[in-house]
Every structure is written in structure tokens, then in C-alpha cells.
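Engineer: Before we start, here is the structure in question, set down as C-alpha cells.
In this note's numbering, the protein residues as written are 875 to 1069.
In C-alpha cells form, the structure reads like this:
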């Protein structure tokens, strides 16, 4: 409900004030930047009430906003109603990106925070480029959501399993042999495989 969202926003703003943070970015991204994250990582949904699959939210002491794409404009308007959060129509010529909006909104020598595990290096670079001219600090190791999300779902703990040959077409043993051959042919010492 809107009341629950407003209570959560108030708690987050209190935490932001304690840490002297002018803006806090919340995503639904897990540390692997998976397309679909487990409920544990649904911080943006929890703090804003917006349930669409795409979007990031920025909270400031006076307001903030949600950036999402055209699939969710109507839904976002409805779900943000009464929260004090504005809808930013992402990828539209008139809509500033989050970094540009922060740079135009925040005072010099202020600070923003985001859980650094929830953003890409490319997004961090965009933030840095936009905020450096105003000497705005970017704090990447401050998780303000977990302390206030008291019933947060646990992290997934399912065991790792082999991807069935029926789907992959190749057994794990053969995949590893192929990778080792590639490493040797390319004079490489190791290959990083990430999910």
C-alpha cells in the first residue's frame, strides 16, 4: 500500500540522514546482474511499490524518482501515486539519465550511495563522470535497505546442478575439454567464466 511505501521511504531517509547521504539508488539487480533476480534482490520493488521488471529508483530527502521504460509508464504512474516519487520515462530525449539528474539536483560536495553489488561498472563510470565536476562522493559499500527491510527474503540457497545435455547439447566433460583446447591454442593461462 502507499502508506507502507511511505513508511519505508521515511525509514530510508532517516538512515540516509544518519550517514549524510543526499541520494540513494535502489535497483532490483543481484550481484551477477541477472535478467531476473531472486526476491532477495527486489529492493526497488520493496522501497517504491513499483512491481515492473525494469527500473531503478533514486531517493532523496525531498523526493526522488523511478526510471523505467515504455512498457511500464501507466503501471508506474499508478503504483507511484501518493509516494512523492516522480516517473522518469527512460530513454526519452527529454528525460535525463540518473547520473545527469543527480548532477543537476544535488549540491556540490554532497554524497550519494548505492549498494555497489547492484550496479554495473559501466553505470558506476557514468555516475563518476557526471558527479566528479561537483565533487559529489559515490559511496558503494553502504547497504541501507537490509537494516530496514526486516522481513527480507533470504538469498537463494539451491545447490548447483549440471545443465542437462538435453538442453545444452554437450556434456560438461566435453565443454571443459573444448575450453582447455581453446586456452592452449590462444596461449592463455586461464579463462574467467561468470554467471
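Where a beta carbon is used, it is the ideal one built from N, C-alpha and C, also for glycine. Note that the coordinates shown come from a computational prediction; the quantities given were computed from them, not determined experimentally.
#1: On a CA-only basis, which of 1008, 929, 988 is nearest residue 951? Give me that one, please.
#2: Given a cut-off of 8 Å, decide if residue 1013 and residue 987 are closer than it, judged by their beta-carbon atoms.
#3: Between the segment 998-1005 and the segment 1023-1032, do three or more beta carbon pairs fall short of 8 Å?
#4: Are the beta-carbon atoms of residue 889 and residue 1005 separated by less than 8 Å?
#5: Going by DSSP, which residues form a beta bridge with residue 940?
#6: Taking the Cβ atom as the reference point for each residue, do residue 931 and residue 961 lie within a distance shorter than 8 Å?
#7: Going by DSSP in three states, residue 1013 sits in which element: helix, strand or coil?
#8: What ranges does the beta strand (DSSP E) occupy inside the segment 877-920, keeping only unbroken runs of at least 3 residues that lie completely in it?
#9: In chain order, what residues of the same chain have a beta carbon less than 8 Å from the beta carbon of residue 919, not counting five sequence neighbours either side?
#10: Measure the C-alpha to C-alpha separation of residue 879 and residue 943 and round it to an integer number of angstroms.
#11: Below 8 Å on the Cβ atoms is my guess for residue 933 versus residue 886; work out the distance and round it to an integer in Å.
Structural biologist: Per the coordinate set shown:
#1: Working through the chain shown from its first residue, we reach residue 951 at position 77. When each option's Cα is compared against that of residue 951, the closest is 929.
#2: Here residue 987 refers to the residue found at position 113 when the chain shown is read from its first residue. Here residue 1013 refers to the residue found at position 139 when the chain shown is read from its first residue. A contact, by the Cβ cut-off of 8 Å.
#3: No: the two stretches stay apart, fewer than three of their Cβ pairs being nearer than 8 Å.
#4: Translated into the one-based positions of the chain shown, residue 889 becomes position 15. Translated into the one-based positions of the chain shown, residue 1005 becomes position 131. Contact: no.
#5: Counting from 1 along the chain shown, the entry for residue 940 is found at position 66. Per DSSP, 931, 961.
#6: Within the chain shown, the letter at position 57 stands for residue 931. Within the chain shown, the letter at position 87 stands for residue 961. No, these two residues do not count as a Cβ contact at 8 Å.
#7: Numbered from its first residue, the chain shown carries residue 1013 at position 139. Looking at residue 1013 - three-state DSSP - the assignment turns out to be strand.
#8: Taking 3 residues as the shortest admissible run, the segment 877-920 contains the following complete beta strand (DSSP E) segments, listed from N- to C-terminal end: 897-900.
#9: Your numbering for residue 919 matches position 45 in the chain shown. Here the set comprises 902, 925.
#10: As a working mapping, residue 879 is identified with position 5 in the chain shown. As a working mapping, residue 943 is identified with position 69 in the chain shown. Straight-line Cα distance between these residues: approximately 21 Å.
#11: Locating residue 933 in the chain shown gives position 59, counting from the first residue. Locating residue 886 in the chain shown gives position 12, counting from the first residue. Right, the Cβ-Cβ distance comes to about 6 Å (below 8 Å), so this counts as a contact.
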